[in-house]
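Below is one structure, written out as structure tokens, with a few remarks after it.
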Amino acid sequence: MNTLLDLNKRETGLGVLPSTLPVVELARHVWIDERAVERLCRRWIDEKVEAPAWDERYHWSDGTLRTATAILVLDAWNFCFWPEPGETKWTVKYQGKELNGYMALAACVKRAIEEGYELYQPAVLAKLTKKDLKKIFRGKGEIPLLSERLEHAHEIGNALLKNWGGDFVNMLKAAEGSAVSLVELVLEHFPCFDDVTIYRGREVKFYKRAQILPVDLMGGMQGESLVQFHDIGELSAFADYKIPQVLQAHGVLKYSPELVALLEREEKLVPGDSAEVEIRAAMVWAVELIRRELAQAGRSVPPFELDWMLWNLGQEPVENERPYHRTRTVFY
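Note that my numbering has the sequence shown beginning at 134, numbered continuously upward.
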């Protein structure tokens, strides 16, 4: 198996891997156990683990290109679902099922459109009110960072109206079948997706929600030529708080005693804290190590599918699981 020092060869146009590599090399709180990577890969090969399919039950689509804008909105709102200690966890009941986290969000977007909110129309997004969002996200408990989600809707709506003829499809056309180009356009025109931080004076790029957008477009618009991205494999994994928890439970990520104690106390890490950046960077590179290990075994799996596989593992309790790191942020 390759060592981390050999892993700077796969550089994408987005620069996520090369910018996060120094974080992994200099980390004081988080490390990757390469033997655990090997064990996990052997297990996945033996058990023939596959990425989960796109769940059409909770994602809105009408079979037209309007679906693309609904997915853009979904990913603009896809962050930070966990409650403060003692608060009620935000959950939504849809089609008779109790949902939380991302699936609750997807169901809320679908439910809202079914109830008459045309969230695929930029003019509607630009004029949403906090009252509208409270109705859209109604359920048990409250979704965190409601005001920030409203700002994201306004930003997207106004930018599409001003620069793209009021249609996200024009941005898709401009990307010309490149996921990397689409991410770059999204970062340029929608600052709410610009997931960048600083670690020991160096710029570190994650672009979690921006990178997940082309993947979600492919999942939600299967067969649509505009979203058949030829370079989708160049994207990195999507650095969040759930997948590091899964990787830690499987022994792939190792945390310092100080960080373990902080997580057990459910203390928050501020955005940009060294431990927070190290967790996210190590997650990105752990997935890259998994990708390379599987490739050496003859199984080619792009990072986004590995991300989905790990996320799916995390939907059920995992043995040795510790609390995920808690950072109030709009980026994941």
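Backbone N, C-alpha and C define an ideal beta-carbon position, used for all residues, glycine too. Predicted model, so just to flag it, every value in this text is computed and none were measured.
When rounded, the separation of the alpha-carbon atoms in residue 275 and residue 227 is 16 Å. Runs of the alpha helix (DSSP H) lying entirely within the region 275-329 and spanning at least 4 residues, in chain order: 279-296, 301-308 and 312-322. For residue 204, the enclosing alpha helix (DSSP H) starts and ends at 199-209.
By DSSP's assignment, residue 386 forms a beta bridge with 165. Residue 453: not part of any alpha helix (DSSP H); DSSP gives it neither H nor E. CA-to-CA, the gap between residue 173 and residue 155 works out to about 25 Å.
Here the alpha carbons of residue 393 and residue 348 stand approximately 32 Å from one another. Taking C-beta separations shorter than 7 Å and ignoring five residues to either side along the sequence, the partners of residue 327 in its chain run 320, following chain order.
In this structure, the straight-line span from the alpha carbon of residue 241 to that of residue 225 is close to 8 Å. Residue 333 and residue 401 do not touch by the CB rule: their CB atoms are close to 21 Å apart, not below 8 Å.
Under a 10 Å Cβ-count criterion, residue 153 is classified as buried, with 16 or more other Cβ atoms of the shown protein chains found around its own Cβ. The beta carbon of residue 146 sits closer than 6 Å to the beta carbons of 313 from its chain, once the five residues preceding and following it are set aside; these are given in chain order. Shown here for residue 216: same chain residues with a beta carbon closer than 8 Å to its own, the five before and five after excluded, namely 222, 223, 274 and 277 in chain order. Note that the C-beta distance between residue 427 and residue 379 is not below 8 Å.
Annotation: the continuous beta strand (DSSP E) that includes residue 230 extends over 230-233.
Rounded to whole angstroms, the Cβ separation of residue 200 and residue 353 is 6 Å, and the two are in contact under 8 Å. Residue 434 carries a coil assignment under DSSP once its states are collapsed to helix, strand and coil.
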